[in-house]
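**Q**
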């Protein structure tokens, strides 16, 4: 029987974990090891993926992956380890403190005075590392209630401690070399050799978090364990015997609540003490010489003896090297440079261990670690049956991820977000900012005229800078408002559910459910949509999502649809506009299928994700995110977009002999008009081959709204119907829907994927737009009987 | 000198504009040299693990 077949609400013991490579190792690292009890919590509304409960936390995985996990017969028991009540409280060992009885001083090696103490902040995803980092350093990094918000390291000094530097590392579940985050963390600790690791552990889920702790302890770096979210543990009636945990692990353990700032001072004192005196962990050996784990113990110690000289020469801790070699870590094997005999001996030892233990090498090592963790938890942790946060999350999830309610509520919530952003709050603020910019532009124009400034310079400032940068700037409130709502959804934990609910749909086009967030944002603006793709865990998914996001019709195209639909389609205008939006989605799906077949073969990344509890969003955190987005947007508006508008103004205002053209708007003699005249024949087969339309499309490259403003200026008092025939209007709108994204979006694509991909996007989208507009033109002509 | 007096306002505005363009170019190039124009540096980039700049 496999986990896939386990009915909802039933539990079963894991017998074996199938599959290969990164996914299998990830499942083992997440605690799905032989012997552990798992409970099927629910299926996503479309039946796939599923949510399971293991080690008292919730994990999502796809049915295909669940089918690789073999389980014993089901029971009605929920997944929880049977813990004995805690024994008598232990005495405080006082690790990491001055003047106490017990210190690990065997290899104490105090650092010289004045040394800058370096700290690495390591822990699982979504356990509060960035919140603690902000508490320690007083900085303002964004935190989210979505696993994987931090994807690289950030550094800063501890507040009030001059010679210190804390580095916030990406959230990881183990030190396996399978994801870029794990490699970043591992490389940082091994190569940059921090003086101390602050290992942050989610106290509501000690079992899974300690798995990483054990690997960190093997690195022989002074470590302090920060038990975060102790307030939630207490609120649920649970407790942790901190003294006994400290004694068992051989490192200082400090209970904290990073969000409330509790225990931070004590944590800093301990961390600074052990960093200064280089008090290394008192324990690195976690294997049991007796019982089921004895073969693993013998194997690991054998490997340690065999490879000790190589490990020391390579600067890799001996125990860590042995555990990684036993797991089959090729990077460590390469770094140790073992000779042929030693490699053969190593493989024989591992083979013998696998035979005696009855598990393969990766599962045996994971099992050894979890066996130790179970022993530690039995002695130190009193868990509540269920925390209040968990109960609340389950109640909310019954509605938000319910079989019949998930999709309607998703549509309702997103509809409300878009309505408030584009029709109410964002629009109101954007309109107000536009008025302000216009008023300022008018005042500057009058001032320049009064000061008798050169006419060309006046035009450059008023038409070029205020017209170009101003029109882009007016979108700032819309973008900030959109991010406000989206960060609320992310911080509450809803976005993780959206990914869970939509995964099956996205898988059909070769993506994972996580891609839905950037694509949804793309309907508002392609720029933040492309930026939001950063949280995707695989390069393949990220590239594909970035390439598809521009097909989601952004809000800046709405004025084009509204203007031309009203002029040409009368009472059918709304239908045409809705059709354009769906047309964009349809072409996006077709392109995704094409990309999947030609460019990005293979499957989307496995959807193994932890579902966080719902939490109230922090106002400060939301404010910080908004500031980050706004400042990023402003920086771009006054650099890249500013320079681009100057170039366009120059092309619009001078003829090829560089004579200044005083006339306002696009002049037929301007360089831009000449270029447009050169391009215009390309559009002739589509029915809109005039140079004015070509100019409008070129200016649309700077900002999509410019298409309407350019056409208006060029037409003067004439009607738009004199420029376009009714039969050419629909192909023109389809071309506008699909052709190259604006310069800001291209700049963001260049930033995410590089110049080559940005160029490919421009060329590909123009080609797709031309072909689709051509098809629509043919259909229109057929329907009109003109062919 | 007379030309300068007659066109002082144009010269001042042009000088301010040149300064603004120079600053825009400077910040664009600087952010490019830093490894992209991400607001949060390489931190926001999932490729950072395998990035040559690192």
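Protein chains in written order, with this note's numbering: chain F, 687 to 1473; chain C, 3 to 56.
Glycine residues also receive a C-beta, built at the ideal position from the N, C-alpha and C atoms.
Is residue 926(F) closer than 7 angstroms to residue 815(F) when the C-beta atoms are compared?
**A** Not in contact: residue 815(F) and residue 926(F) (Cβ atoms no closer than 7 angstroms).
**Q** Mind listing, in chain order, the continuous alpha helix (DSSP H) runs of no fewer than 4 residues lying wholly within the region 1149-1229 of chain F?
**A** Those alpha helix (DSSP H) runs which fall completely within the region 1149-1229 of chain F and span 4+ residues are 1153-1159, 1162-1178, 1180-1193, 1202-1210 and 1212-1218.
**Q** Could you have a look at residue 854(F) and say whether DSSP puts it in helix, strand or coil?
**A** In this structure, residue 854(F) counts as strand in the three-state DSSP scheme.
**Q** Can you pull the chain C neighbours of residue 1143(F), defined as C-beta to C-beta under 8 angstroms?
**A** Residues of chain C passing the Cβ test: 12, 15, 16 and 19.
**Q** Measure the Cβ-Cβ separation of residue 942(F) and residue 953(F) and say whether it is below 7 angstroms.
**A** Yes, the pair counts as a contact, with Cβ atoms nearer than the cut-off.
**Q** Counting only Cβ pairs nearer than 7 angstroms, list the residues of chain F close to residue 26(C).
**A** Those are 1324, 1325, 1328 and 1329, listed as they occur along chain F.
**Q** Please report the distance separating the alpha-carbon of residue 1162(F) from that of residue 1051(F).
**A** Spanning the two alpha carbons is a distance of roughly 52 angstroms.
**Q** List the residues that DSSP assigns as beta-bridge partners of residue 16(C).
**A** Answer is none; residue 16(C) lacks a bridge partner.
**Q** Is the region 703-717 of chain F in contact with the region 1043-1063 of chain F, if contact means three or more CB pairs nearer than 8 angstroms?
**A** The region 703-717 of chain F vs the region 1043-1063 of chain F: in contact.
**Q** CB residue 1073(F) to CB residue 949(F), shorter than 7 angstroms?
**A** Result no, Cβ atoms of residue 1073(F) and residue 949(F) do not sit closer than 7 angstroms.
**Q** In the region 1114-1138 of chain F, which residues sit with their C-beta less than 8 angstroms from some C-beta in chain C, listed in chain order?
**A** Here the close residues are 1134, 1137 and 1138.
**Q** At what residue ranges does the region 982-1057 of chain F contain a whole run of the alpha helix (DSSP H), taking only runs of 4 or more?
**A** Complete alpha helix (DSSP H) runs here, min 4: 1004-1013, 1016-1022 and 1026-1043.
**Q** Considering only DSSP beta bridges, list what residue 726(F) is partnered with.
**A** Paired residue(s): 738(F).
**Q** List, in chain order, every chain C residue whose beta-carbon is nearer than 8 angstroms to that of residue 818(F).
**A** Within chain C, no residue comes near residue 818(F); the closest Cβ sits about 17 angstroms away, beyond 8 angstroms.
**Q** Mind checking who residue 888(F) pairs with in its DSSP beta bridge?
**A** The partner list for residue 888(F) (beta bridge, DSSP) reads 914(F).
**Q** Are the beta-carbon atoms of residue 15(C) and residue 1139(F) separated by less than 7 angstroms?
**A** Cβ atoms of residue 15(C) and residue 1139(F): closer than 7 angstroms.
**Q** What's the call for residue 741(F), buried or exposed, on a 16-neighbour Cβ count within 10 Å?
**A** When all chains shown are included, residue 741(F) counts as buried.
**Q** Would a C-beta distance cut-off of 7 angstroms place residue 1477(F) and residue 743(F) closer than the cut-off?
**A** Here chain F covers residues 687 to 1473 and nothing more, so residue 1477(F) does not appear.
**Q** Determine the chain C residues that contact residue 1332(F) at a beta-carbon separation under 8 angstroms, and present them in chain order.
**A** Within 8 angstroms Cβ-Cβ: 23.
**Q** Should residue 893(F) be counted as a contact of the ligand FMN given a C-beta to heavy atom distance under 6 angstroms?
**A** The ligand FMN is absent from the structure shown, which contains no ligand whatsoever.
**Q** Quick one, which of 1298(F), 688(F) and 812(F) has its alpha-carbon nearest residue 1077(F)'s?
**A** Cα-wise, what sits closest to residue 1077(F) is 1298(F).
**Q** Quick check: is the beta carbon of residue 891(F) nearer than 7 angstroms to any beta carbon in chain C?
**A** So, not an interface residue.
**Q** Using CA coordinates, which residue listed in 1419(F), 1346(F) and 1287(F) is at the minimum distance from residue 1382(F)?
**A** Nearest C-alpha to residue 1382(F): 1419(F).
**Q** Looking at the C-beta of residue 1513(F), does it have a partner C-beta in chain C at a distance below 7 angstroms?
**A** Absent from the model: residue 1513(F). The displayed extent of chain F is 687 to 1473, so no value can be given.
**Q** Determine the burial state of residue 7(C): buried for a count of at least 16 other Cβ atoms within 10 Å of its Cβ, exposed for fewer.
**A** So residue 7(C) ends up on the exposed side.
**Q** CA-CA distance, residue 757(F) and residue 1114(F)?
**A** C-alpha separation (whole angstroms): 57 angstroms.
**Q** Return the residue from the list 985(F), 996(F) and 1030(F) that minimises the CA-CA distance to residue 1040(F).
**A** With distances taken between Cα atoms, residue 1040(F) lies closest to 985(F).
**Q** Can you give me the start and stop residues for the alpha helix (DSSP H) that residue 1281(F) sits inside?
**A** Residue 1281(F) -> alpha helix (DSSP H) spans 1259-1284.
**Q** Can the beta-carbon of residue 1012(F) be found less than 7 angstroms from the beta-carbon of residue 1043(F)?
**A** No, Cβ-Cβ distance for residue 1012(F) and residue 1043(F) is not below 7 angstroms.
**Q** Less than 8 angstroms between the CB atoms is what I'm expecting for residue 1451(F) and residue 1427(F), so what's the real figure, rounded?
**A** Confirmed, about 7 angstroms.
**Q** How big is the Cα-Cα spacing for residue 1100(F) and residue 1429(F)?
**A** Straight-line Cα distance between these residues: approximately 27 angstroms.
**Q** Around the Cβ of residue 1243(F), are there at least 16 other Cβ atoms within 10 angstroms (buried) or fewer (exposed)?
**A** Classification for residue 1243(F): buried.
**Q** What did DSSP end up calling residue 747(F) once you bin it into helix, strand or coil?
**A** Note: residue 747(F) maps to strand in three-state DSSP.
**Q** What residue does the beta strand (DSSP E) around residue 941(F) start on, and which one ends it?
**A** Here the beta strand (DSSP E) through residue 941(F) covers 939-941.
**Q** In angstroms with no decimal places, state the Cα-to-Cα distance between residue 735(F) and residue 1198(F).
**A** In a straight line, the C-alpha of residue 735(F) is about 11 angstroms away from that of residue 1198(F).
**Q** What is the rounded straight-line gap between the Cα of residue 1281(F) and the Cα of residue 1256(F)?
**A** Straight-line Cα distance between these residues: approximately 37 angstroms.
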